[in-house]
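Numbering (this note's numbering), first residue to last: 274 to 569.
In this text, a Cβ means the ideal position worked out from N, Cα and C, and glycines have one as well.
To start, the structure under review is shown below, and the notes come after it.
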């Protein structure tokens, strides 16, 4: 092998040993025995990769400390599955030239293909509570974003008073969050009753309602805040819509990584709904203000 190929293999080694230590750290703090076993098995695979490349390079590079800390903290903040899927995406990006490597190391192609399939199967086995409740979070966020942006847009043209708009928005938002949480509780309770007994993946109605309510209140706070901080109603509405788009993008990105779903189409659908409802409500608010002769 030439020097350039050896350098690529050393980089591959460094990635493998880094991910080996990431998985070991995640396994050490994982309370679920099944998940811990999955993580330990993936860590062992990464170690085998490292040793395989080491036999070809004759080197033993250390792990990347920055990457190790990054994914360890991402797992703590955003969940085990999200961190692992994001790390595996990065690994896939680093493996685009492995076909070229296989021309120099004949055993590489078969080993890499086998290990990739094995790792994907192991990652798919991960069972994480927060992903079981992601539907409840989606319900809370999507409902709040669509309903409240529409309401705020209509109120902006109808009232043109930021304090009054914020007050009505908060009252409407809090009441709606309680209503949505109650609806999610009843819906999940009904699903749990219909599920087979002994299914440990069944959602808790209380937790589902809590996730829905918290997500809704978070969205309400983010959307109403501009009307409390700014003086111009239209500017406040613009900032509120920008906040809605940011929330949609961040959460859609999280879902796309954690569940291996396409980002662009899902973001476009949600953003289109939010902006479409807001534009329609904006016009309705203007027409109602003219029709009723309301002056505030």
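- If you look at residue 433, you'll find it isn't in any alpha helix (DSSP H); DSSP assigns it neither H nor E.
- The C-alpha of residue 505 lies about 22 Å from the C-alpha of residue 419.
- Residue 406 has its alpha-carbon roughly 10 Å from the corresponding atom of residue 483.
- In this model, residue 410 and residue 446 are separated by some 16 Å (Cα to Cα).
- Note that the segment 425-436 touches the segment 483-500; at least 3 beta-carbon pairs, one per stretch, sit closer than 8 Å.
- Distance from the CA of residue 538 to the CA of residue 461, rounded to the nearest whole angstrom, comes to 28 Å.
- The three-state reading of DSSP puts residue 408 in helix, counting H, G and I together.
- Between residue 544 and residue 507, the C-beta spacing is not below 8 Å.
- Separation of the CB atoms of residue 308 and residue 359 is rounded to 17 Å, and the pair is thereby denied contact status at 8 Å.
- Secondary structure of residue 305 (DSSP, three-state): coil.
- Excluding sequence positions up to five before and after residue 297, its CB lies within less than 7 Å of the CB of 316, all in the same chain and listed in chain order.
- Assigned with DSSP and collapsed to three states, residue 476 falls in coil, not helix or strand.
- Under a 10 Å Cβ-count criterion, residue 286 is classified as buried, with 16 or more other Cβ atoms of the shown protein chains found around its own Cβ.
- The residue from 294, 376, 361, 347 with its alpha-carbon nearest to that of residue 337 is 294.
- Residue 453 places its beta carbon less than 8 Å from that of residue 489.
- In this structure, residue 430 lies near residue 558, with their beta-carbon atoms less than 8 Å apart.
- With a beta-carbon spacing of about 6 Å, residue 531 and residue 404 fall inside the 8 Å limit used to define contacts.
- A direct Cα-Cα distance of roughly 17 Å separates residue 459 from residue 487.
- In terms of CA proximity to residue 323, 292 leads the group 292, 347, 301, 303.
- Counting the other Cβ atoms within 10 Å of the Cβ of residue 281 gives 16 or more, which makes it buried.
- Secondary structure note for residue 538: its alpha helix (DSSP H) is the uninterrupted segment 536-565.
- With 16 or more other Cβ atoms inside 10 Å of its own Cβ, residue 326 counts as buried.
- Burial of residue 329 is indicated by the presence of at least 16 other C-beta atoms within 10 angstroms of its C-beta.
- Selection 332, 414, 356, 331 evaluated against residue 341 yields 356 as nearest (Cα-Cα).
- Distance from the CA of residue 312 to the CA of residue 351, rounded to the nearest whole angstrom, comes to 17 Å.
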